[in-house]
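Participant: Numbering follows numbering that gives the first Met the number 0, with no gaps: position 383 of the sequence shown is 382.
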Amino acid sequence: MTGRRPMSLSQRLMLLLGLVSLLYWIAIAGLTSANNVDQLNELYDVHLARSAKAFLQLIDPDPEAVQGPEIVLSSNDIEQLLVGDAKVDDSAGGADNPDPNVQAMKRLQHGTHLRYQLWRLDGALLAHSSNAPKGLITTQLGYTDAIDAQGLAWRHYSFHDPVHQVKVIVSEPHEFRQQLVRHIVIDAATPLALGLPLLLLLLWLSIQRGLLPLGQLQREISLRQADNLQLLGTERTPSEIKPIVHALNALLQRVGHTLEQERRFTDDAAHQLRTPLAAIQAQLYAVRHLNDREQRLRATDQLQASVARAIRLVNQMLALARLDPEQPQTDFAPVQLNTIAETVCAELAPIALQRDQTLELSAHPGLPPVRGNADMLSMLMSNLIDNAIHYTQRGGQIRVQLTPDEQGVRLSVSDDGPGIAPGERERVLERFYRAASQSEPGTGLGLAICQRIAELHRTHLSLGDGLHGQGLAVAVVLTL
Numbered sequence: 000m001t002g003r004r005p006m007s008l009s010q011r012l013m014l015l016l017g018l019v020s021l022l023y024w025i026a027i028a029g030l031t032s033a034n035n036v037d038q039l040n041e042l043y044d045v046h047l048a049r050s051a052k053a054f055l056q057l058i059d060p061d062p063e064a065v066q067g068p069e070i071v072l073s074s075n076d077i078e079q080l081l082v083g084d085a086k087v088d089d090s091a092g093g094a095d096n097p098d099p100n101v102q103a104m105k106r107l108q109h110g111t112h113l114r115y116q117l118w119r120l121d122g123a124l125l126a127h128s129s130n131a132p133k134g135l136i137t138t139q140l141g142y143t144d145a146i147d148a149q150g151l152a153w154r155h156y157s158f159h160d161p162v163h164q165v166k167v168i169v170s171e172p173h174e175f176r177q178q179l180v181r182h183i184v185i186d187a188a189t190p191l192a193l194g195l196p197l198l199l200l201l202l203w204l205s206i207q208r209g210l211l212p213l214g215q216l217q218r219e220i221s222l223r224q225a226d227n228l229q230l231l232g233t234e235r236t237p238s239e240i241k242p243i244v245h246a247l248n249a250l251l252q253r254v255g256h257t258l259e260q261e262r263r264f265t266d267d268a269a270h271q272l273r274t275p276l277a278a279i280q281a282q283l284y285a286v287r288h289l290n291d292r293e294q295r296l297r298a299t300d301q302l303q304a305s306v307a308r309a310i311r312l313v314n315q316m317l318a319l320a321r322l323d324p325e326q327p328q329t330d331f332a333p334v335q336l337n338t339i340a341e342t343v344c345a346e347l348a349p350i351a352l353q354r355d356q357t358l359e360l361s362a363h364p365g366l367p368p369v370r371g372n373a374d375m376l377s378m379l380m381s382n383l384i385d386n387a388i389h390y391t392q393r394g395g396q397i398r399v400q401l402t403p404d405e406q407g408v409r410l411s412v413s414d415d416g417p418g419i420a421p422g423e424r425e426r427v428l429e430r431f432y433r434a435a436s437q438s439e440p441g442t443g444l445g446l447a448i449c450q451r452i453a454e455l456h457r458t459h460l461s462l463g464d465g466l467h468g469q470g471l472a473v474a475v476v477l478t479l
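(1) May I have the straight-line CA-CA distance separating Thr233 from Leu247, to the nearest angstrom?
(2) Just the Cα atoms here: how many angstroms apart are Ile279 and Ala309?
(3) DSSP has Leu250 in a bridge; who is on the other side?
(4) Within 10 Å of its beta-carbon, does Ile220 have 16 or more other beta-carbons around it, so buried, or fewer, so exposed?
(5) If the criterion is Cβ atoms closer than 8 angstroms, does the pair Val482 and Leu312 meet it?
(6) Between which two residues does the beta strand (DSSP E) carrying Thr478 extend?
(7) Using a Cβ-Cβ cut-off of 8 angstroms (strictly less than) and excluding sequence neighbours within five positions of Leu124, which residues of its own chain qualify?
(8) Out of Ser20, Leu113, Ala26 and Pro367, which has the shortest C-alpha to C-alpha gap to Ser129?
(9) When the distance is taken between beta carbons, is Ala48 closer than 8 angstroms to Tyr156?
(10) What three-state label does DSSP hand Gly422 in the structure shown?
(11) So within the region 203–285, which uninterrupted alpha helix (DSSP H) runs reach at least 4 residues, ignoring any that extend past its ends?
(12) Which of the three DSSP states is assigned to Arg119 in this structure?
(13) Kindly list the residues whose CB is nearer than 7 angstroms to the CB of Ala340, restricted to its own chain and excluding five residues on each side of it in sequence; keep chain order.
(14) Does any heavy atom of the ligand COA sit closer than 7 angstroms to the C-beta of Gly255?
(15) Could you pull out every residue in the same chain whose Cβ sits closer than 6 angstroms to the Cβ of Gly92, ignoring the five residues on either side in sequence?
(16) Which one of Asn382, Gly416 and Ser377 has the shortest CA to CA distance from Leu393?
(17) With a threshold of 16 other CB atoms inside 10 Å of the CB of Tyr390, please say whether the residue is buried or exposed.
(18) I'd like the ranges of any beta strand (DSSP E) spanning at least 3 consecutive residues and lying wholly in the region 317–390.
(19) Where does Gln178 sit, in a helix, a strand or coil, going by DSSP?
(20) What is the rounded straight-line gap between the Cα of Ala373 and the Cα of Ile452?
(21) Count the other C-beta atoms from every protein chain shown that fall within 10 angstroms of the C-beta of Glu174, then say buried if there are 16 or more, exposed otherwise.
(22) Beta-carbon separation of Leu55 and Val180 under 8 angstroms?
(23) Between which two residues does the beta strand (DSSP E) harbouring Ala447 extend?
(24) Report the rounded CA-to-CA distance for Ala249 versus Ala192, giving the unit in angstroms.
(25) Would you decide whether Gln396 is buried or exposed? Buried here means 16 or more other CB atoms lie within 10 Å of its CB.
(26) Indicate whether Val408 and Leu460 have their beta-carbon atoms separated by less than 8 angstroms.
(27) Measuring only the C-alpha atoms, how far is Leu366 from Glu405?
(28) Let me know the secondary structure DSSP gives Thr137 once reduced to three states.
(29) Taking DSSP as the reference, what is the three-state secondary structure of Gln406?
(30) I need the boundaries of the beta strand (DSSP E) containing Leu124, first residue and last residue.
(31) Can you give me the Cβ contacts of Asp88 inside the same chain, cut-off strictly under 6 angstroms, excluding the 5 residues immediately before and after it?
(32) Should Thr137 and Ala145 be called a contact, given that it needs their Cβ atoms to be closer than 8 angstroms?
(33) If we ignore side chains and look at the alpha-carbon of each, how far apart do Leu204 and Glu261 end up?
(34) According to DSSP, Lys166 sits in a beta bridge with which residue or residues?
(35) Who does Pro172 pair with in a DSSP beta bridge?
(36) Between the Cα of Leu454 and the Cα atoms of Ala298, Leu140, Ala472 and Leu428, which residue gives the shortest distance?
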């Protein structure tokens, strides 16, 4: 069962930018609508107050007239007043006419949905609209909100008129305002909704155009031959893609370095194997054609030694090849060098005894563990001690020391053999290089393997004089 296919970069950008744009538009529409609703409520509250004052003037501006019988204005009456207002507006100059009745009629425009009440201060209802109840709508002054017996929400405005000694109440249903609010929201959202597909199309085209450099980079890489490790150009690369190109170039450099190492290793290995294989072939020929038994035995011994050298060479080359790739440090762990040194010395002691050599281990007590790979550190110690045994004369002395250091633990392997001239000590760390002073047969890989292991542990080998001012001492400091 395969997992979900991950979204492409363009799809991710489209989704994120689309969501951000949509949220931005919704926020703008919401803020605009909220601002318009606030302004609308203020406008309607002002209209409500003006309607109340206009209603008082239309009933009778004479203070004594409010003592007459109750006046009931139907919606038709109010509509007639509005029609009359229009006629007066045409004949009397409209908004510029100073007549208070004309101005009052102007204020009553669009007011047929309102409920009006005019109360005397002694509690008598003087006038009301036909849609208003005969009971007192509200006892409070100013703006108030209330819900009637039918569950409808109303906005009230009332005031006392000290001249006529009356109380005027005007009510407006909230539904009227809510309808207008819905219209405002729809009007604000409609152009946004209609423009959203166009915005998404423009976003998609912009993203595709913006990602063109990635496509060009992909084509440049896909058209390359496998052996083309030339670095990618960065002159016309956008700054956002440059880190990727730099990382690819660094990878190409590492791959090129690794391939060059592999090529040199293969060439060197072929060159080094040619000599022992030729010797084995010659010794096999001698074994087959020599008639003298003693000569054949000597040739057989030489053949066996040549095979052993070839096996050692192959084993060391394989060990070095395994260490060549970049080794991650994820398998590093605390390692006790004392334990490794005891094990390696116990394994190599029989070889030293065969050569009448003294193999001494001196480990400082209470050494802290170092951080590293136990197998590699065992190989490092084994190669250093084996080299010392191999190149030290019979009856010689080899000393292995573990001592504390400021950075960790110092491992040193010293002998009293022929040593290596100071001018050659750096070169013997190279593969297949053998010092001119060395007469013993060897592969030239032992110290190269040790140097590689040291590099993987972020350290290096240091070569100096051995025991009693002669021979060779190889030291390495391993960090905690």
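Backbone N, C-alpha and C fix where the C-beta goes; we use that ideal spot for every residue, glycine too.
Facilitator: Once the coordinates are examined:
(1) 11 angstroms
(2) 9 angstroms
(3) Secondary-structure assignment with DSSP links Leu250 through no beta bridge to anything.
(4) exposed
(5) No statement about residue 482 is possible, as the shown extent of the chain runs from 0 to 479 and does not include it.
(6) Leu471 to Thr478
(7) Glu69, Gln116, Leu117, Trp118 and Lys133
(8) Leu113
(9) Closer than 8 angstroms, so yes.
(10) For Gly422, the secondary structure class from DSSP, reduced to helix, strand or coil, is helix.
(11) 211–221
(12) The answer is strand: DSSP assigns Arg119 an E or B state.
(13) Leu360, Ala362, Met380, Val399 and Leu401
(14) Among the ligands in the structure shown, none appear at all, so the ligand COA cannot be discussed.
(15) No answer about Gly92 holds up, because its pLDDT of 43 lies below 50 and its placement is not dependable.
(16) According to the sequence provided, residue 393 is Arg. The question's Leu does not apply to it. Arg393 has its Cα closest to that of Gly416, out of Asn382, Gly416 and Ser377.
(17) buried
(18) Here the runs fully enclosed are 332–334, 357–362 and 369–371.
(19) helix
(20) 11 angstroms
(21) exposed
(22) no
(23) Ala447 -> not in any beta strand (DSSP E); alpha helix (DSSP H) instead, spanning Gly445 to Leu455.
(24) 48 angstroms
(25) buried
(26) no
(27) 12 angstroms
(28) coil
(29) coil
(30) Note, Leu124: beta strand (DSSP E), Leu124 to Ser128.
(31) For Asp88, the predicted structure reports a pLDDT of 43, less than 50, and the residue's modelled location is therefore unreliable. A value from the coordinates is still provided. None.
(32) yes
(33) 47 angstroms
(34) Trp118 and His159
(35) Trp153
(36) Looking at the sequence shown, residue 454 is not Leu but Glu. Closest option to Glu454, Cα to Cα, is Leu428.
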